[in-house]
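Below: the structure, in structure tokens.
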Amino acid sequence: MCPSQGLVPERKTGPSVGPDERRHGARRVPLPQAEQAFFDASEAMLITDAAQRILAVNPALEALVGLDEATLRGRSPDCFVAPQQGASQCLADWQLLLQEEQGRLEMLLHDARGASRPALFSFRRVRDAAGAVSHHVVTLTALDRALSEPRRRASREAYFDALTGLPNLRLVTQLLQDAIAHAQGAGETLVVCCLDIDHFKRLNDQLGELAGDRLLASFARRVSHLLAGDEVLARIGGDEFVLLLHRQPDEAFLERLLTAIRQPLLVDGQSLRLTASIGVTLYPDDEQEGDVLLRHATQAMYRAKQRGRNTYHRFDPGHDRQLQVREAQRERFARAIDNDELCLYYQPQVDMGSGRVIGLEALVRWQHPERGLLAPGEFLPVVEGTPLAASLGEWVIQRALSQLSAWQAVGIELPVSVNISPVHLLQANFVVRLEQLLAHYPQVAPQRLKLEVLESAAMHDIQAALEAIHRCKSLGIATAIDDFGTGFSSLTYLRQLPVDLIKIDQSFVRDMLVDANDMAIVESVIYMAKRFGRPMLAEGVETLEHARALAGLGCLQAQGYGIARPMPPEQLPSWLATWPGRGEWQRLG
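Going by UniProt numbering, the first residue of the sequence shown is number 1, and it counts up by one from there.
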């Protein structure tokens, strides 16, 4: 960010030289690239000698303070500090700053027009070949040009994070724009990183909010110590930070950063080990505006988390295009919910021992205006793991309750199961919203609504899942574990989960008659369910041979194409009327 060591920019100044001439026509020729960047930078910059006497300023600083270089040369940078801040305190703060190799200090800036405003003074030393201090480079960033002294505290809160003292999102966005302009002028690379602490929510819940705050502050100090004076660390929310690095892409630095983060931190007498995921994008390789660079770094950070955390990932434009396509698909699906383009089909569930129809599973379909009726596999992958999954889940519950009410009016009183995604189940207000939806249909007994929870959802956060399932049971709502056998459940978790039914995944049932491995899995699931006293239901029962084999193993509840395909609600009464005539599917036990 500064001119080369030992070289102070020279230019002619005085009444006969206008601003444009000073900027373009009166410099030493030819200017080294760094000097060119100094004069063209949008940041207000100055250079002092070792005794803190101003040697040179750039046009941006002249415009900021309203004084030209001739007036400022030989003075100390603390001449910019507003008198009302207190000369003694200002001098003490400034001298303290100068003891460091680099640093930042917020003070009130006083300009030639008599106006005062908060400004960030960023400082670093420049040493000569012998290691002695030869110059200081100072950058001034005005935080609010219209600010008066009574609003100074409010301005600090607006631009700095109260917990860590770091720049916040608002300020780092401004600093990023300046850094981009500098990188353009200097022909340098700007590295933008998004850094997120792994599993911080879990730690915060365990430690408590106050200890979690102290952990964040300690983390911020540790990362700050690794940065050069012209580099920025900002906290943009929660446990998410942004780094602006003026250096060539350096994998060794990122590895050092990850290693430093892994070192134990002492918080309230506890030694804690953290890891972090880092997303990286480079300007000008990623030639975008500042907000887009931040978004790309964030996307890369999430890719690092997907790769297992405790690592870094560089932004991939090709992957970004895929994300843009998926985002467009999600936006279209959100409109589908709003436009009432979705509908529910219902697949019967039967007890093959008695022949009774014991329930229905609600399965969502999309009646697309151009593409026709779409099955879940054509749109659910875009929704999974996003807030849309919770929106869809609420829509399904509401529509199922409405249908239960309509069927009840004509004498059909079968329970209906609805699928609940991990994102939906683990929301803090899941049970509250469920109670509110039930309250809209007081004529429907809660026992007639059943929830099917993916095994992976329960394993993702066992404690949160346990709490949600227990609260649902207190409302009278039964819960099933769906797609059992596809995850990595331990027997301990299976014993802990207060579920009322285990559903054997159709991927194993479908090929159990021809694949010995699938048959072994089905047998094992049935054995575990029996040992833990859990009822079970097999999905994907497509033939009478499947039904007989399952009945022989002790699983009598089933659903699948062999029994009935999913159907719109108006077709259910006629199917119920014909089912008793299919005697070969009944009394198999």
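Even for Gly, the Cβ is constructed at its ideal location relative to N, Cα and C.
task = Give the secondary structure of residue 586 by DSSP, where H, G and I count as helix, E and B as strand, and everything else as coil.
result = Numbered from its first residue, the sequence shown carries residue 586 at position 586. Residue 586: coil per DSSP, three-state reduction.
query = Using DSSP with H/G/I as helix, E/B as strand and the rest coil, what is residue 352?
reply = Here residue 352 refers to the residue found at position 352 of the sequence shown. Coil at residue 352, not helix or strand.
message = Checking the sheet assignment: what are the DSSP bridge partners for residue 236?
response = By one-based count along the sequence shown, residue 236 stands at place 236. Per DSSP, none; premise fails for residue 236.
query = Is it true that the CB of residue 448 sits closer than 8 Å to the CB of residue 415?
reply = As a first step, residue 415 is located in the sequence shown; it is residue number 415 there, counting from the start. As a first step, residue 448 is located in the sequence shown; it is residue number 448 there, counting from the start. Cβ distance < 8 Å, so residue 415 and residue 448 count as in contact.
query = Run through DSSP, which three-state label would residue 448 get?
reply = The sequence position of residue 448 within the sequence shown is 448, counting from 1. Residue state, collapsed to three classes: helix.
inquiry  = Taking only three categories from DSSP, how would you classify residue 441?
reply    = Taking the first residue of the sequence shown as position 1, residue 441 is located at position 441. Coil at residue 441, not helix or strand.
request  = In angstroms with no decimal places, state the Cα-to-Cα distance between residue 294 and residue 192.
outcome  = The residue labelled residue 294 in the question sits at position 294 within the sequence shown. The residue labelled residue 192 in the question sits at position 192 within the sequence shown. Between residue 294 and residue 192, the C-alpha separation is close to 7 Å.
query = How big is the Cα-Cα spacing for residue 3 and residue 41?
reply = Walking along the sequence shown from the start, residue 3 turns up at place 3. Walking along the sequence shown from the start, residue 41 turns up at place 41. The pLDDT assigned to residue 3 is 35, lower than 50, so where the model puts this residue is not dependable; a value taken from the coordinates is nonetheless given after this. Cα-Cα distance, rounded: 11 Å.
Span separating the alpha-carbon of residue 146 from that of residue 438 = Here residue 146 is taken as the residue at index 146 of the sequence shown, counted from 1. Here residue 438 is taken as the residue at index 438 of the sequence shown, counted from 1. No answer about residue 146 holds up, because its pLDDT of 41 lies below 50 and its placement is not dependable.
ask   = To which residues does DSSP link residue 558 through a beta bridge?
value = Locating residue 558 in the sequence shown gives position 558, counting from the first residue. Note: residue 558 sits in a beta bridge opposite 350 and 538.
ask   = Shortest alpha-carbon distance to residue 270 belongs to which of 292, 314, 291 and 203?
value = Taking the first residue of the sequence shown as 1, we reach residue 270 at position 270. Per the Cα distances, 203.
request  = Within the same chain, show all residues whose beta-carbon is closer than 6 Å to that of residue 245, passing over the 5 residues directly before and after it, in chain order.
outcome  = As a first step, residue 245 must be located in the sequence shown, where it is residue number 245. The answer, listed in chain order, is 191 and 231.
ask   = Distance, Cα to Cα, residue 103 vs residue 272?
value = By one-based count along the sequence shown, residue 103 stands at place 103. By one-based count along the sequence shown, residue 272 stands at place 272. If you take the alpha carbons of residue 103 and residue 272, they lie about 28 Å apart.
key: Contact check, residue 56 vs residue 69, beta carbons under 8 Å   = By one-based count along the sequence shown, residue 56 stands at place 56. By one-based count along the sequence shown, residue 69 stands at place 69. Against a cut-off of 8 Å, the Cβ pair of residue 69 and residue 56 comes out as a contact.
ask   = Cα-Cα, which of 73, 257, 121 and 586 is closest to residue 44?
value = As a position in the sequence shown, residue 44 is number 44, starting the count at 1. Out of 73, 257, 121 and 586, 121 has the C-alpha closest to the C-alpha of residue 44.
query = According to DSSP, what are the bridge partners of residue 194?
reply = Counted from its first residue, the sequence shown places residue 194 at position 194. Partner(s): 242 and 279.
inquiry  = Is the beta carbon of residue 389 closer than 8 Å to that of residue 383?
reply    = One-based indexing of the sequence shown puts residue 383 at position 383. One-based indexing of the sequence shown puts residue 389 at position 389. Yes, the pair counts as a contact, with Cβ atoms nearer than the cut-off.
query = Going by beta carbon distance, what residues of the same chain come within less than 6 Å of residue 235, once the five residues before and after it are set aside?
reply = Start at 1 with the first residue of the sequence shown, and residue 235 comes out as number 235. Result list for residue 235: 161, 164, 166 and 241, in chain order.
Contact check, residue 348 vs residue 564, beta carbons under 8 Å = Sequence index remark: in the sequence shown, residue 348 carries index 348 (1-based). Sequence index remark: in the sequence shown, residue 564 carries index 564 (1-based). Taking 8 Å as the Cβ cut-off, residue 348 and residue 564 qualify as a contacting pair.
query = Can residue 198 and residue 259 be called in contact, C-beta distance under 8 Å?
reply = Taking the first residue of the sequence shown as position 1, residue 198 is located at position 198. Taking the first residue of the sequence shown as position 1, residue 259 is located at position 259. Cβ atoms of residue 198 and residue 259: not closer than 8 Å.
Close-in-space but distant-in-sequence residues of the same chain around residue 268 (CB under 6 Å, 5 per side omitted) = Taking the first residue of the sequence shown as position 1, residue 268 is located at position 268. If we look at residue 268 and ignore the five residues flanking it on each side, its Cβ neighbours are 211.
ask   = Rounded to a whole number of angstroms, what is the C-alpha to C-alpha distance between residue 136 and residue 256?
value = For this step, residue 136 is matched to residue 136 along the sequence shown. For this step, residue 256 is matched to residue 256 along the sequence shown. Rounded to whole angstroms, residue 136 to residue 256 spans 28 Å at the Cα level.
request  = Let me know the secondary structure DSSP gives residue 45 once reduced to three states.
outcome  = As a position in the sequence shown, residue 45 is number 45, starting the count at 1. Strand, per DSSP.
inquiry  = Could you tell me the alpha carbon to alpha carbon distance between residue 208 and residue 214, rounded to whole angstroms?
reply    = The residue given as residue 208 occupies position 208 in the sequence shown. The residue given as residue 214 occupies position 214 in the sequence shown. C-alpha separation (whole angstroms): 10 Å.
task = Compute the Euclidean distance between the alpha carbons of residue 544 and residue 553, then round it to the nearest angstrom.
result = Your numbering for residue 544 matches position 544 in the sequence shown. Your numbering for residue 553 matches position 553 in the sequence shown. Their Cα atoms are separated by approximately 14 Å.
task = Below 8 Å CB to CB, which residues in the same chain sit around residue 175 once its five sequence neighbours on both sides are set aside?
result = Within the sequence shown, numbered from 1, the residue matching residue 175 stands at position 175. Result list for residue 175: 141, 167, 232, 234 and 244, in chain order.
task = Please list, in chain order, all residues of the same chain as residue 50 whose beta carbon is under 8 Å from its beta carbon, the five residues on each side excluded.
result = Position 50 of the sequence shown holds residue 50. Taken in chain order, the residues that qualify are 132, 133, 134, 135 and 136.
Per DSSP, cross-strand counterpart(s) of residue 567 = Within the sequence shown, residue 567 is the residue found at index 567, counting from 1. DSSP, once it has assigned bridges, lists 346 as partnering residue 567.
task = Under 8 Å by Cβ, that's how I've got residue 303 and residue 279 pegged, so tell me the actual separation to the nearest angstrom.
result = Position 303 of the sequence shown holds residue 303. Position 279 of the sequence shown holds residue 279. Contact holds; Cβ gap of about 7 Å.
ask   = Of all the options 361, 171, 508 and 369, which has the alpha carbon lying nearest to the alpha carbon of residue 521?
value = Within the sequence shown, the letter at position 521 stands for residue 521. It is 508 whose Cα lies nearest to the Cα of residue 521.
request  = Sort out for me which residues DSSP pairs residue 137 with in a bridge.
outcome  = Here residue 137 corresponds to residue number 137 of the sequence shown, with the count starting at 1. For residue 137, which the question treats as bridged, DSSP gives the partners 47 and 124.
message = Using only the alpha-carbon positions, how far apart do residue 265 and residue 254 sit?
response = For the purposes of this step, residue 265 is taken as residue 265 along the sequence shown, with counting starting at 1. For the purposes of this step, residue 254 is taken as residue 254 along the sequence shown, with counting starting at 1. For residue 265 and residue 254, the distance between alpha carbons rounds to 19 Å.
request  = Reducing DSSP to helix, strand and coil, say where residue 389 ends up.
outcome  = For this step, residue 389 is matched to residue 389 along the sequence shown. Residue state, collapsed to three classes: helix.
ask   = If you draw a straight line from the alpha carbon of residue 86 to that of residue 65, how long is it in whole angstroms?
value = Your numbering for residue 86 matches position 86 in the sequence shown. Your numbering for residue 65 matches position 65 in the sequence shown. Because residue 86 carries a pLDDT of 44, less than 50, the predicted location of this residue cannot be relied on, and the following value inherits that uncertainty. Roughly 19 Å separates the two Cα atoms.
task = With a 10 Å radius around its C-beta and 16 neighbouring C-beta atoms as the bar for buried, classify residue 676 as buried or exposed.
result = Nothing can be reported for residue 676: it is not among the residues displayed for the chain, which extend from 1 to 589.
key: residue 327 and residue 366 closer than 8 Å at C-beta   = Along the sequence shown, one-based indexing puts residue 327 at 327. Along the sequence shown, one-based indexing puts residue 366 at 366. In this structure, residue 366 does not lie closer than 8 Å to residue 327 by Cβ.
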